[in-house]
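Have a look at the structure below, then the notes.
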Amino acid sequence: MSKYKLYEVKEDKIKRKNPFCPRCSSGVFMADHGDRYACGKCGYTQWKNR
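Heads up, the sequence shown is in this note's numbering, so the first residue is 12 and it goes up one at a time.
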């Protein structure tokens, strides 16, 4: 995945689209799977609406 797809630019401000993994370092993004976020490094899963 391109780094440019992980960020959104609005009015000179940069915002992350996906959260960082709480278990890994702050540079590891979690993947968006529709109903959950998942970390590819450690396997941590965070459900969106539960």
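Think of the CB as a built atom: it goes at the ideal place given N, C-alpha and C, for glycine as much as any other residue.
Just so you know, these numbers come straight off a predicted model, no measurement behind them.
Identify which residue in the options has its Cα closest to the Cα of residue i.
i     : options                       : result
Gly45 : Ile25, Tyr15 and Gln57        : Gln57
Asp43 : Ser36, Pro30 and Lys26        : Pro30
Ser13 : Lys28, Lys24 and Tyr48        : Lys28
Leu17 : Met41, Ser36 and Ala49        : Met41
Lys26 : Cys32, Tyr15 and Cys50        : Tyr15
Arg47 : Ser36, Cys32, Asp23 and Glu22 : Cys32
Which same chain residues end up closer than 6 Å to residue i when comparing Cβ atoms and leaving out the 5 residues on each side of it in sequence?
i     : result
Arg34 : Cys53 and Tyr55
By the DSSP assignment, the beta strand (DSSP E) with residue i in it spans what residues?
i     : result
Arg47 : Arg47 to Ala49
Glu19 : Tyr18 to Lys21
Arg3  : With the chain running from 12 to 61 in the structure shown, residue 3 is simply not present.
Taking the straight line between their C-alpha atoms, what separation do you get for residue i and residue j?
i     : j     : result
Asn60 : Val20 : 26 Å
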